[in-house]
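Beneath this line is the structure, given in structure tokens, with notes to follow.
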Amino acid sequence: MTNKMKKFLQNKKGRYSFRQNKRGPRCPSKDFFLNMPTSNQGWPEDFGFQLGGNGPSYILTVEEGSSAHLAGLQAGDQVLEIEGHNVSTLAPQAVIAIAQTQKNIPPSIGVVSRIHQMDIIPGPDGRFGFTIVGDCPLLVEDCSPCSPAGRAGLRAGDYVMEVNGIPVRHHEMAASLIKTSQGRTLRLGVLCLGQRQKRSVSVEYSQMGEDGARLDRKHKALEFNRKVDQILGEEPDVKEKLFAVLKQYAAEKRVEWLAAVLPEILTTDEHRQLIASIRYESEALTHNTAPDTVVWGDNSVGTKQQNRGPQRT
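The opening position of the sequence shown corresponds to residue 303 in my numbering, with each subsequent residue numbered one higher.
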């Protein structure tokens, strides 16, 4: 499955801020001007996110309320570009070194989501057969290939980013959600960094073919429409404007225009839940790999990781 790339441009004052009115436009807060880093030497932590992986590099955590969070960066995104430079195969240290030498604060970053959804059917005992440890992110410490989770594709070394569609950062929350699913099918959103046989992946893609890809795009579009109805069901004017913009984007493919228009339409925190979905909907509309564009926002603070004991599920 090919996901869309999104690009976050350099900071523009007042586009996003910590303080946002529920129904009004965003306006810059005092913290925006007082705390915005004056250099990229603390990138990425000073802007609210952390990288991991051994090449490629992936975003493992995003601090809530940070500039990265407000701009739409998500845990599970792979870093593809820094200021137009291809970094898609580089390890975090190399990516950080490039980012910290850029003049724009913060540097633009192109990413693509690598979260895979896995449906795990519990075993006869109601359990799933994997262990998670840590906080921000949650690491799969142990998973037998013969367990229900292993048969679904989970591997030790993967990171759990979502449980039953809910983003999770903390061990207690993930453990609670998993526990309530015992005896029922569990859906995990996973960043797959554990060792896998590449052959099985290539076979899956070759068997999928054009018809499968078309069905996949159709499924994404249907899911997006359902989400729009859920969030904008009582705001038909906003819904109409959004689809008009997406239709125009599909025809013209002007990503910078899309970046400028979307914040004027999606003005509340609830509306912003659609931003991540729009990159996938844009793919269904355009059938190409042109990046979606969103403007990079204000200041952030770093994410600190705290270790937790193992959780067997």
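A virtual CB, placed ideally from N, CA and C, is assigned to each residue, including glycine.
Cβ distance (whole Å) where residue i is taken to contact residue j below 8 Å
i           : j           : result
residue 414 : residue 392 : Contact doesn't hold; Cβ gap of about 15 Å is too wide.
residue 361 : residue 379 : 4 Å
residue 451 : residue 432 : 4 Å
residue 484 : residue 429 : 6 Å
residue 434 : residue 454 : About 15 Å; that fails the 8 Å criterion.
residue 486 : residue 447 : That belief does not hold up - the Cβ atoms of residue 486 and residue 447 are roughly 22 Å apart, past 8 Å.
residue 416 : residue 493 : 6 Å
residue 544 : residue 530 : 7 Å
Euclidean distance between Cα positions of residue i and residue j
i           : j           : result
residue 478 : residue 439 : 16 Å
residue 369 : residue 376 : 12 Å
residue 572 : residue 534 : 9 Å
residue 394 : residue 344 : 14 Å
residue 546 : residue 576 : 15 Å
residue 366 : residue 436 : 18 Å
residue 408 : residue 566 : 22 Å
residue 560 : residue 551 : 7 Å
residue 371 : residue 458 : 27 Å
residue 266 : residue 474 : This structure leaves residue 266 out entirely; the chain is present only between 303 and 615.
residue 541 : residue 470 : 29 Å
residue 359 : residue 419 : 20 Å
residue 354 : residue 488 : 26 Å
residue 467 : residue 476 : 11 Å
residue 352 : residue 472 : 15 Å
residue 599 : residue 399 : Per-residue confidence for residue 599 stands at a pLDDT of 34, beneath the threshold of 50, marking its modelled position as unreliable; no derived number is given.
residue 563 : residue 528 : 22 Å
Proximity winner among the options, relative to residue i (alpha-carbon distances)
i           : options               : result
residue 350 : 449, 373, 359 and 400 : 373
residue 357 : 432, 397 and 340      : 397
residue 495 : 532, 399, 462 and 565 : 462
residue 346 : 411, 419, 487 and 387 : 411
residue 481 : 493, 558 and 427      : 427
residue 341 : 352, 445 and 405      : 405
Neighbour flag for residue i against chain C, beta carbons, 8 Å
i           : result
residue 555 : Although the question refers to chain C, the structure presented lacks it and comprises just one protein chain.
N- and C-terminal bounds of the alpha helix (DSSP H) containing residue i
i           : result
residue 352 : Here residue 352 belongs to no alpha helix (DSSP H); instead the beta strand (DSSP E) covers 351–354.
residue 382 : Note, residue 382: premise wrong, no alpha helix (DSSP H); beta strand (DSSP E) at 379–384.
residue 626 : With the chain covering 303 to 615 only, the question about residue 626 has no answer from this structure.
residue 361 : Residue 361 -> not in any alpha helix (DSSP H); beta strand (DSSP E) instead, spanning 360–364.
residue 407 : It is not in any alpha helix (DSSP H) - residue 407 carries neither H nor E in the DSSP assignment.
residue 452 : 450–454
residue 393 : Here residue 393 belongs to no alpha helix (DSSP H), and DSSP marks it neither H nor E.
Endpoints, beta strand (DSSP E) assigned at residue i
i           : result
residue 412 : 411–415
residue 434 : 432–435
residue 491 : 488–493
residue 340 : No beta strand (DSSP E) contains residue 340, which DSSP labels as neither H nor E.
residue 444 : 440–445
residue 572 : Residue 572 -> no beta strand (DSSP E), and no H or E assigned at all.
DSSP-derived helix/strand/coil call for residue i
i           : result
residue 527 : helix
residue 623 : Residue 623 is absent from the structure shown; the chain starts at 303 and stops at 615.
residue 387 : strand
residue 470 : coil
residue 371 : helix
residue 631 : Because the chain spans 303 through 615 in this model, residue 631 falls outside it and cannot be assessed.
residue 423 : coil
residue 400 : helix
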